[in-house]
Structure formats: structure tokens, C-alpha cells
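Asks: Residue numbers (my numbering), protein chains in the order written: chain A, 12 to 237; chain B, 109 to 333. Take a look at the following structure, please.
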């Protein structure tokens with residue numbers, strides 16, 4: 012079960028970090044009037060269409076001893092970044108970035124602009140408007156982003172394999188362990204881990220839909236103009 | 109900056125935009141709004157809401173200035189544009205904009221969080237009683253009627269003690285009895301606080317009951333009556 016715990020640890024870490032990084036990026040994308048914003052939107056969405064091995068390959072090159080990230084990491088911590096847990100986290104952040112930014116951006120954009128104007132005329136700074144109006148009304152998007160990042164990272168295979176290899180206890184995640192067991196013709200063990208991943212994925216997605224449904228109901232105002 | 113009692117609102121702005129029918133539309137006004145209630149008449153699309161948005165800072169005019177007494181909120185020639193949240197404005201929008209996740213009491217208190225807790229509480233109590241909405245304090249906007257929401261919105265704007273009050277058809281959807289009650293409250297409020305109030309309405313009854321002055325807008329031009 013060690014690979015499962017490693018996957019869980021990776022998924023929780025990545026989901027937490029992606030919320031911290033994703034919120035300001037999504038806010039900027041939602042409200043910036045910059046005319047070339049679409050370029051950044053395309054960069055954010057890139058991991059959705061890029062084969063994980065391609066992303067993993069570039070991440071591996073960047074994290075290698077001659078890559079910029081690898082050199083920086085070596086200078087700061089005295090060891091390389093590739094084939095470490097930190098390397099997995101970094102690659103997973105790139106890989107799951109759109110799963111954080113897109114739901115957040117969608118929720119921020121969906122907040123009624125009249126409420127933002129109302130907040131401003133009532134004397135609230137943009138920061139207070141964000142904390143008191145945008146964020147609470149975007150809670151379903153925040154939950155969706157966190158859960159999707161968690162679930163997506165949990166099932167990650169290609170990028171993780173490229174950057175982390177298959178080191179037991181360090182980089183052997185559940186999906187890699189399943190592949191490993193299948194290669195060794197140990198279908199029983201593979202099935203057990205696959206079933207756990209299936210149940211976790213189903214449960215977290217059910218949670219997302221339940222939370223979103225409940226939030227929509229609680230915020231509905233029958234008299235509001237559409 | 110100190111608060112000037114009885115300071116007029118001076119607006120001289122030009123703003124071009126796309127009209128509702130897709131035709132270009134130019135708002136070009138030069139007005140001095142004295143303390144008291146100034147009624148703003150005009151057909152739909154005449155630029156009334158755009159004018160109010162320019163004063164509030166929600167829309168940036170191409171040229172011109174907006175001043176309250178000695179204080180400049182906007183001046184294109186001097187590159188002055190005070191952010192909306194620093195203008196101390198009360199604004200009731202044409203379409204309601206109550207925060208759906210906050211209770212009625214929290215909505216009303218939203219604009220006065222800088223005050224000491226005791227004063228906040230006192231002001232909220234006063235306005236809840238004046239507008240007869242004390243019974244709604246713990247409800248959320250989704251649990252009250254449109255007329256009640258209208259009263260809450262008005263109360264939320266007045267409780268902040270703004271320097272300028274902009275009311276864009278604030279009594280739409282209210283019954284006659286309630287309108288009469290609120291008109292009385294607004295009259296008393298106007299007398300107690302000498303600030304410029306711009307009041308957009310199509311109702312001659314409201315205008316006669318409240319208006320100290322009147323302006324009619326046609327195709328982006330303002331004509332004092």
C-alpha cells in the first residue's frame with residue numbers, strides 16, 4: 012500500500028500548492044483587460060492536450076543536472092531534483108495546472124459584475140472585494156479545482172514516470188505500481204490498487220457535484236434579474 | 109480630506125459608447141448638482157445610468173472632470189481618477205445587487221466596517237427600524253421578496269452616510285404605501301444631510317414628492333428644467 016500513500020501525499024501536496032498558485036493566476040486571467048491574455052490562457056491549457064510524456068520529458072530536461080531548475084535546486088539544496096519527491100511535485104504542478112486555473116477562472120468570471128460594483132461603491136478595496144465577495148461566491152469553483160487537482164494527480168502516470176522513474180518509497184506512485192504489477196503478471200495486487208483508485212476518484216467527483224449543487228441552491232435569488 | 113457640508117457636485121464629462129441599438133452614443137454633460145434631491149428624467153437609453161456610472165467611477169469618461177466641493181474625483185487633464193471605493197458614494201443600482209451569501213444585516217453593514225463596532229450596530233439598528241426591515245435581519249437575499257430586497261438595497265446605500273447619493277430608479281417594484289413611507293424617510297434624510305442626491309425616475313409622482321431640482325436627459329445631453 013506504500014505506493015498508494017505516496018500517491019495520496021503527492022496529490023494532497025499538489026492540490027494545496029496549486030490552489031495557492033492558481034488563485035492569483037485565475038484572478039488575473041478573469042479580470043485583466045490585457046489584449047494578449049489569450050496567449051497565457053493557451054499556455055495554461057497546454058497540459059490538457061500535450062501528451063504527459065512530452066510534458067514529462069521537458070520537465071526532466073529542465074530538472075536534470077544541466078537544466079535551469081536542476082541547477083537552481085542543486086545550488087539551493089545540494090542535490091538534484093529529478094527522481095525525487097520534490098521533482099514529482101513540480102512536474103505534477105505543471106501537469107495539473109489547467110485543472111486548478113480553469114475552474115477557478117470560470118467561477119471568478121461567473122460572479123455577477125453588479126456585485127463587484129456594489130462592493131466598490133460601498134468602499135471595499137479590490138482585495139476586500141476579492142475576499143468578501145468573489146472568493147465566497149466562487150467556493151464551488153475552489154472545491155472543484157482542489158478536487159480535480161487531487162484526482163488528476165492521483166491518477167498521473169506518464170509525466171511522473173518520466174521525471175521520477177520507479178523508485179520504491181520515493182517516486183513509485185500507485186499508477187506506476189499498478190503498471191509494475193501488471194508487467195509482473197500479478198493481476199490480483201494490480202486489481203486491488205486499481206479498485207482503490209477507482210473508489211477514491213468516484214468519491215471525490217461525487218463530492219464536487221454535491222457541493223456545487225448545494226451552493227447553487229443556497230445562492231439563488233428568485234427576484235434577481237437574469 | 110474633511111467633509112464639506114453643502115458641497116455641490118460638479119460634473120463635466122464626455123463619454124462615447126455603443127448605444128443599445130448599436131448606434132454610437134455620446135454622453136456630454138456639464139452640470140452642477142446642488143445639495144438636495146435632483147430628479148433625473150429621460151427616456152431609456154438617454155444616458156442617465158452612464159452619467160451615474162461616470163460620477164461613481166464605474167465608467168471612465170474620455171474627458172472632463174467630477175468634483176465635490178473642493179475635492180476632485182476625476183480630472184482627465186490632470187490625470188486624476190480616484191478609485192470607486194475611495195469616493196464615498198451611495199449608489200442604488202437599477203437592478204438589485206445584494207450579496208447573496210450575506211444576511212440582510214451583513215449586507216447593510218458591509219459599507220461601514222471601518223466604524224467602531226458599537227457605532228456600526230447603532231447605525232444598522234436605526235436604518236433597519238426606519239425601513240421596517242428589522243424582521244429580515246437574519247435572512248439571506250434569496251429568502252426575501254423583491255420589494256424587501258429593494259428596501260434593503262436602499263438602506264445599505266444610506267447607512268454609509270455618503271458624500272453623494274445616486275439612486276437609479278430605487279422604488280421600482282415597491283407598493284404605493286411603502287413608496288410613500290420611503291419618500292418620507294428620504295425627505296427627512298435629505299434635510300438632515302446636505303448632500304447632492306441624483307434620483308433617476310420615470311415617475312412624476314416621485315419627482316413631485318421629492319425633487320428640489322430636475323434635469324431631463326435626451327440622447328446624452330442634460331437639460332435643466
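We treat Cβ as the ideally placed atom computed from N, Cα and C, and that holds for glycine.
Could you tell me whether the Cβ of residue 147 of chain A comes closer than 7 Å to any Cβ of chain B?
Replies: yes
Asks: Identify, in the order they occur along the chain, each residue of the same chain with its Cβ nearer than 7 Å to the Cβ of residue 273 of chain B, setting aside the five sequence neighbours on each side.
Replies: These residues qualify, in order along the chain: 198, 265, 303 and 305.
Asks: Could you tell me if residue 162 of chain B is buried or exposed, where buried requires 16 or more neighbouring beta carbons within 10 angstroms of its beta carbon?
Replies: buried
Asks: Is it the case that the stretch 12 to 26 of chain A contacts the stretch 74 to 86 of chain A, given that we only count it when at least three CB pairs across the two stretches are under 8 Å?
Replies: The answer is no - the stretch 12 to 26 of chain A does not touch the stretch 74 to 86 of chain A, with fewer than three Cβ pairs under 8 Å.
Asks: May I ask you to report which of helix, strand or coil DSSP gives residue 87 of chain A?
Replies: In the structure shown, residue 87 of chain A sits in a helix (DSSP, three-state: H, G or I).
Asks: Just to confirm before moving on: does the CB-CB distance between residue 156 of chain A and residue 111 of chain A stay below 7 Å?
Replies: yes
Asks: Start and end of the beta strand (DSSP E) containing residue 190 of chain A?
Replies: Segment 185 to 194 is the alpha helix (DSSP H) holding residue 190 of chain A; no beta strand (DSSP E) there.
Asks: Look at residue 124 of chain A and residue 205 of chain B and say whether their C-beta atoms are less than 7 Å apart.
Replies: Against a cut-off of 7 Å, the Cβ pair of residue 205 of chain B and residue 124 of chain A comes out as no contact.
Asks: With the cut-off set at 7 Å, would you say residue 120 of chain B and residue 153 of chain B are in Cβ contact?
Replies: no
Asks: Give me the Cα-Cα distance between residue 289 of chain B and residue 317 of chain B, rounded to the nearest whole angstrom.
Replies: 11 Å
Asks: Report the option in A:127, A:162, A:33 and A:106 whose CA atom is closest to the CA atom of residue 113 of chain A.
Replies: A:33
Asks: Quick one: does residue 129 of chain A have its CB under 7 Å from some CB of chain B?
Replies: yes
Asks: From the DSSP output, which residues share a beta bridge with residue 123 of chain B?
Replies: B:135
Asks: Would you list, in sequence order, the uninterrupted alpha helix (DSSP H) runs of no fewer than 4 residues that lie entirely inside the stretch 232 to 312 of chain B?
Replies: 254 to 266 and 284 to 300
Asks: Considering just the uninterrupted stretch of the beta strand (DSSP E) at residue 323 of chain B, what are its terminal residues?
Replies: 321 to 326
Asks: CB-CB under 6 Å to residue 109 of chain B, same chain, minus the five flanking residues each way: which ones, in chain order?
Replies: Only weak support exists for where residue 109 of chain B lies, its pLDDT of 46 falling under 50; the value from the coordinates is given anyway. Counting only Cβ-Cβ distances below 6 Å, and skipping sequence neighbours, we find 179.
Asks: Does the beta carbon of residue 136 of chain A sit closer than 7 Å to a beta carbon anywhere in chain B?
Replies: Against chain B, the CB of residue 136 of chain A has a partner CB under 7 Å away; the residue lies at that interface.
Asks: What does DSSP give as the partner residues of residue 172 of chain B in its beta bridges?
Replies: B:121
Asks: Mind listing the chain A neighbours of residue 219 of chain B? Cutoff is C-beta to C-beta under 7 Å, in chain order.
Replies: 133 and 134
Asks: With residue 158 of chain B as the anchor, note down where its alpha helix (DSSP H) starts and where it stops.
Replies: 156 to 164
Asks: Thinking residue 176 of chain A and residue 94 of chain A are a contact (beta carbons under 8 Å), I'd like their distance in whole angstroms, please.
Replies: With 8 Å as the limit, residue 176 of chain A and residue 94 of chain A qualify as a contact, their Cβ atoms being about 5 Å apart.
Asks: What number of angstroms, rounded off, separates the C-alpha of residue 244 of chain B from the C-alpha of residue 175 of chain B?
Replies: 37 Å
Asks: Listing by chain order, which chain B residues have their CB less than 7 Å from the CB of residue 144 of chain A?
Replies: 207
Asks: What does DSSP give as the partner residues of residue 198 of chain B in its beta bridges?
Replies: B:273
Asks: Do the stretch 274 to 293 of chain B and the stretch 243 to 263 of chain B meet, that is, are 3 or more Cβ pairs less than 8 Å apart?
Replies: yes
Asks: Relative to the alpha-carbon of residue 15 of chain A, which residue among A:84, A:182, A:158 and A:145 has its alpha-carbon at the smallest distance?
Replies: A:182
Asks: May I have the straight-line CA-CA distance separating residue 201 of chain B from residue 130 of chain A, to the nearest angstrom?
Replies: Spanning the two alpha carbons is a distance of roughly 12 Å.
Asks: Grouping DSSP H, G and I as helix and E and B as strand, with all else coil, what is residue 140 of chain B?
Replies: strand
Asks: Buried or exposed: residue 186 of chain A, going by 16 or more other Cβ atoms within 10 Å of its Cβ?
Replies: buried
Asks: Hey, out of B:116, B:250 and B:283, whose CA is closest to residue 207 of chain B's CA?
Replies: B:250
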